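Q:
Written out as structure tokens, the structure reads:
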């Protein structure tokens, strides 16, 4: 029998001994570093400083569940991790003349306001509003001073760890369509665009229930929109121009200016461009909704795409909004025009960028908002994004402050976040959520630094000085206010400071956060629990469960833990580890599959939340389809969950979720829709 040579063979000729040993040592080192036990180094500093970690592109993930193949477009960073975005619209002040049509009146306000926003909410994106009339004050002219201020505010966000979605905002087309005694106003197009058109006097009707009604009943507003989509001629002081041509020209020049003005590290964190907020048709002139989308709306977005490419933004997607009425819930007043109209799927150079408000309950729908109120509505968004083959993004959602009953503010906002994160579409109504649910990124409306501190003269009429709330058309949506220089909340903190995943090392399968705000009556909204092998857990407390598939990166999964949670009392359970309490650290320990807690980035020390980082190291038993999870449970004061219980959670989650691919999150309490079993 042949005998294997010893690991280190000593040659009798001493001149050849050390070369042989060196070769054998090198072979041993290669063997060791190729082993899973030595495969990964947890180098957080390099990851955080890597430009690739900030560079976002669109991609497609493929998840197989119970024989059904899901192909969902997503955001991914340059390190291979799936990315999710949570943040705020900043802000409605861009609609106001008093602010110079900027989100912040000064860079000092931007720095302090964005520092508070990041520290308190951990937001990793803002939708930053800009105004056409500020950028393009006259034909063939660009206001570079305004763009310089916007660039400073973009940089103030990115240096604090946030991405920026730039939004050309309009409502009711333009404030210049309105007169000094009008009930409402608009924002968007400059005076020279509307002055050169032919418009009747603004008139909403004998009864005008809200500013949005102008989109349906005000011929001045409707004609202005038709002029835009038809690229109508307009007579200007320097000769004839066309409306949409003028918009595309200024957009090209503005994007080119910002591309040259922004440092590459800042530009990397510009997520994309939303070129037109809430498109309104103004009357389809005999076209069907499908024909209008393909002949009017989509050619405009193709022009925007070309303009961005010319301006050097070819690596940024167009955040294209559908017709604002596509999913309206107003019913016969403004029936939904529906989706799946486009003849060609837009694909990965576009984002399906939509809004969701409960227009029904803002009107005549008197049903209470209970568990699952918006699951169907948000599933429509997921399905339309699949048709587009583009990532979904919900760039506006929210509810006015101080509402009760069927309009209860905190109930509606909780239910909207539930819709962003949860579905029950894929199986019967058994109260278990779908085990696979694409998490929707989004920005809530809104975060106004100047809430209740405005001095806006509406439509140039000194008799209409607006100072309270958002100071625009009686809206009251800002979730924050400042009192004596201190930040305060207008809604329950549990609806503002939320746990959410920023990155996953593999493809995200599911995320569920059982936030428990209180409604206007003081009732805690306890809408879910874990159900493991018939046992009910965590029904009366907040918890977060994140599930991902495979391993696409050496960089870790990252989850934001808000400042209202004490890390030392927060339990973290993964498929490999259990941590009963988390301690802040500055660097990884290099333990396999480790869980690490650090202070959040982009904030002053001690001023905000934390990052929970989880490394999935390459283990021998793993495949590209292996599932992993992170369960976060903030314990109550004085509580100590026994280690045996934590071990049971881990064991059952591995058995049911990781190995069995079964849902473990169970919806509790009163459901909005019928057909569910009683609890």
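Numbering (the UniProt record's numbering), first residue to last: 1 to 679.
Each residue gets a CB set at the ideal place from its N, CA and C atoms; glycine is no exception.
If you're wondering where the values come from, they're calculated on a predicted model, not measured in any experiment.
#1: Here's the rule I'm using: 16 or more other beta-carbon atoms within 10 Å means buried, otherwise exposed. How should residue 550 be labelled?
#2: Decide if residue 264 is buried, meaning its Cβ has at least 16 other Cβ atoms within 10 Å, or exposed.
#3: So, residue 547 versus residue 573, is the Cβ gap smaller than 8 Å?
#4: So for residue 452, helix, strand or coil by DSSP?
#5: Please say whether residue 202 and residue 220 have beta carbons closer to each other than 8 Å?
#6: So is residue 77 buried or exposed if we call it buried at 16+ other beta carbons inside 10 Å?
#7: Between which two residues does the alpha helix (DSSP H) containing residue 500 stretch?
#8: Can you give me the Cβ contacts of residue 671 inside the same chain, cut-off strictly under 7 Å, excluding the 5 residues immediately before and after it?
#9: Are residue 160 and residue 395 touching if we call contact CB-CB under 8 Å?
#10: Within this structure, are the beta carbons of residue 681 and residue 632 separated by less than 8 Å?
#11: Roughly how many angstroms separate the alpha carbons of residue 392 and residue 323, rounded to a whole number?
#12: Is the region 403-423 close to the region 53-64, with three or more CB pairs under 8 Å?
#13: Could you please give me the residues that DSSP links to residue 77 through a beta bridge?
#14: Quick test of your reading: residue 93 and residue 103, contact by CB under 8 Å. State the CB separation rounded to the nearest angstrom.
#15: Would the region 132-148 and the region 252-262 be scored as touching if the rule is three or more Cβ pairs under 8 Å?
#16: Out of 593, 609 and 594, which has the shortest C-alpha to C-alpha gap to residue 741?
#17: For the beta strand (DSSP E) that residue 444 lies in, which residues bound it at each end?
#18: Grouping DSSP H, G and I as helix and E and B as strand, with all else coil, what is residue 565?
#19: For the beta strand (DSSP E) that residue 375 lies in, which residues bound it at each end?
#20: Taking only three categories from DSSP, how would you classify residue 343?
#21: My understanding is that residue 440 touches residue 378, with C-beta atoms under 8 Å, so please give their C-beta distance in whole angstroms.
#22: For residue 238, count the other beta carbons within 10 Å of its own beta carbon; 16 or more makes it buried, fewer makes it exposed. Which is it?
#23: Could you pull the start and end residues of the beta strand (DSSP E) that residue 233 belongs to?
#24: One question on the structure: do residue 433 and residue 423 come within less than 8 Å of each other, judged by their Cβ atoms?
#25: In terms of alpha-carbon separation, which member of 283, 347 and 184 lies closest to residue 305?
#26: Restricting to Cα atoms, I'd like to know which of 50, 580, 595 and 635 is closest to residue 586.
#27: With a threshold of 8 Å on Cβ separation, who are the neighbours of residue 354 within its own chain once the five nearest residues in sequence on each side are excluded?
#28: Along the alpha helix (DSSP H) that carries residue 267, what are the first and last residues, could you check?
#29: Measure the alpha-carbon distance for residue 668 versus residue 61 and round it to whole angstroms.
#30: Would you call residue 89 buried or exposed, if buried means 16 or more other Cβ atoms sit within 10 Å of its Cβ?
#31: Could you give the distance in angstroms between the alpha-carbon of residue 454 and the alpha-carbon of residue 426?
#32: When we look at the beta-carbon of residue 272 and count the other beta-carbons within 10 Å, is it buried (16 or more) or exposed?
#33: Tell me which same chain residues have a C-beta within less than 6 Å of the C-beta of residue 340, skipping the five on either side of it?
#34: Tell me the start and end of each unbroken beta strand (DSSP E) in the region 454-484 that is at least 3 residues and wholly inside, in chain order.
#35: DSSP beta-bridge partners for residue 214?
#36: Give me the Cα-Cα distance between residue 187 and residue 137, rounded to the nearest whole angstrom.
A: Inspection of the coordinates gives the following:
#1: buried
#2: exposed
#3: no
#4: coil
#5: yes
#6: buried
#7: Per DSSP, residue 500 belongs to no alpha helix (DSSP H); it is in the beta strand (DSSP E), 500-504.
#8: 370, 371 and 372
#9: no
#10: Because the chain in this structure spans residues 1 to 679, residue 681 falls outside the shown range and cannot be described.
#11: 15 Å
#12: no
#13: 56
#14: 6 Å
#15: yes
#16: Shown here, the chain extends from 1 to 679; a query on residue 741 therefore has no answer.
#17: 441-444
#18: coil
#19: No beta strand (DSSP E) contains residue 375, which is instead part of the alpha helix (DSSP H) from 375-388.
#20: coil
#21: 7 Å
#22: exposed
#23: 233-236
#24: yes
#25: 347
#26: 595
#27: 321, 322, 326, 327, 381, 384, 392, 393, 394 and 395
#28: 264-267
#29: 31 Å
#30: buried
#31: 47 Å
#32: buried
#33: 387
#34: 480-483
#35: Beta-bridge pairing links residue 214 to no other residue.
#36: 14 Å
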